[in-house]
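Numbering (our numbering), first residue to last: 87 to 175. First comes the structure, then the notes that go with it.
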């Protein structure tokens, strides 16, 4: 979670190179069709200066809701666990 102001809290979700994942994340993204490219990870962490620049950019950006997003409700699930009850015979 990233805090970019007194009243604004952001959640950053990393997206893989799968087109289906990209489409699903685009449906729930508040920043709309914005793509942020980070050069890569060093020892399992992103470079501090790139994350700092990303946070600075997001803090001054104005969020405008997309018309498609407001007219199509959507839920992003991190995990789905199905429980089934076995009937004893």
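Glycine included, each C-beta is placed from N, C-alpha and C at the ideal position.
First and last residue of the alpha helix (DSSP H) that includes residue 134? If you number the chain shown from 1, residue 134 lands on position 48. Run containing residue 134: 134-146, per the alpha helix (DSSP H) assignment.
Considering only the beta carbon of each residue, do residue 136 and residue 124 sit closer than 8 Å? For this step, residue 136 is matched to residue 50 along the chain shown. For this step, residue 124 is matched to residue 38 along the chain shown. Contact flag set, yes.
Is residue 111 closer than 8 Å to residue 101 when the C-beta atoms are compared? As a working mapping, residue 101 is identified with position 15 in the chain shown. As a working mapping, residue 111 is identified with position 25 in the chain shown. Closer than 8 Å, so yes.
Assuming residue 114 and residue 160 form a contact by the criterion Cβ under 8 Å, report the distance between their Cβ atoms to the nearest whole angstrom. In the chain shown, counting from the first residue as 1, residue 114 sits at position 28. In the chain shown, counting from the first residue as 1, residue 160 sits at position 74. The C-beta distance from residue 114 to residue 160 rounds to 6 Å, short enough to meet the 8 Å contact threshold.
Which of the three DSSP states, helix, strand or coil, is assigned to residue 128? Start at 1 with the first residue of the chain shown, and residue 128 comes out as number 42. In this structure, residue 128 counts as strand in the three-state DSSP scheme.
So, with DSSP's three-state summary, where would you put residue 96? In the chain shown, counting from the first residue as 1, residue 96 sits at position 10. It is a strand residue.
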